[in-house]
Every structure is written in C-alpha cells, then in structure tokens.
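Worksheet for the structure shown next.
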Amino acid sequence: QVQLVESGGGLVQPGGSLRLSCAASGSIFSLNTMAWYRQAPGKERDMVATVTNGGTTVYADSVKGRFTISRDNGKNTVYLQMNSLKPEDTAVYYCNSVIPRLRVSWGQGTQVTVSS
C-alpha cells in the first residue's frame, strides 16, 4: 500500500510562509484527487485544499487566496504553499486522497504552529 510522509511544518510568525510536502511511496496518480487536511487540537480533521490529476484546485474559504496546492505526479509528491499565515492556521497537516475507497493509511502529519 502507498505510504504518505508529510514534511515542511514548523513554527512561524503571523504573516509568514511555509511550504509543505507530501511524499508518497507509490503512485499518487492512482490516488486520483489529492487533498491537504488539517486538524487542530480538539477539532475534527478538515479539508483545506484539493488538486485533481489535471491540476484543477479547490480551496476552503478560510485559506482561499493564501494557500496554493500543487502536485508532481512524476515525483509522487503533493505540495501546499502557505502564505500570510494566521494563528488559526495552527494544526497538524495531512495529505490523502479525497476518495474514501482510494484513501490510504494516514501519515504522521506535519505540525504547523503560527505564533509570535
């Protein structure tokens, strides 16, 4: 089964930027539309952004205009460029397929903390 490894998180000040990566051990093309999700303490996991194999993207209203999702099927990697970060973006970020029957085991995620 494909395994997902998220990286690129860290501590950043409000207004700062981070670029997250999600590296897969196998083909992400086969996982179809991919998404970044995030889970803040005490809250449910929410979808942040999605990208199809053709590159079409959709964003949650809370991140629209600040985050950019992309994918490189040749490198089996999904990216999330996060700009103008806010404290409310603090969460553990995960990637996976948006299609439940294609979804693989969740990775460990990468912690993003936005604080001054």
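The sequence shown maps to residues 2 to 117 in the working numbering. Note that beta-carbon positions come from the ideal geometry of N, C-alpha and C, so glycine has one too. Given the structure is predicted, the values throughout are model-derived calculations rather than measurements.
Strand pairing of residue i, partner residues [DSSP]
{"i": "G11", "result": "V113"}
{"i": "S106", "result": "Paired residue(s): none; S106 is not in a bridge."}
{"i": "D47", "result": "R39"}
{"i": "N97", "result": "A36"}
Outcome for residue i when other beta-carbon atoms lying within 10 angstroms are tallied against a minimum of 16
{"i": "S5", "result": "Just to set this straight, residue 5 is Leu in the shown sequence, not Ser. With 16 or more Cβ atoms within 10 Å of its Cβ, L5 is classed as buried."}
{"i": "L19", "result": "buried"}
{"i": "E45", "result": "exposed"}
{"i": "R102", "result": "exposed"}
{"i": "L81", "result": "buried"}
8 Å contact criterion, which residue i and residue j should meet: CB distance rounded
{"i": "M83", "j": "R67", "result": "7 Å"}
{"i": "N33", "j": "S98", "result": "6 Å"}
Coil, strand or helix - residue i by DSSP
{"i": "S71", "result": "strand"}
{"i": "S22", "result": "strand"}
{"i": "L81", "result": "strand"}
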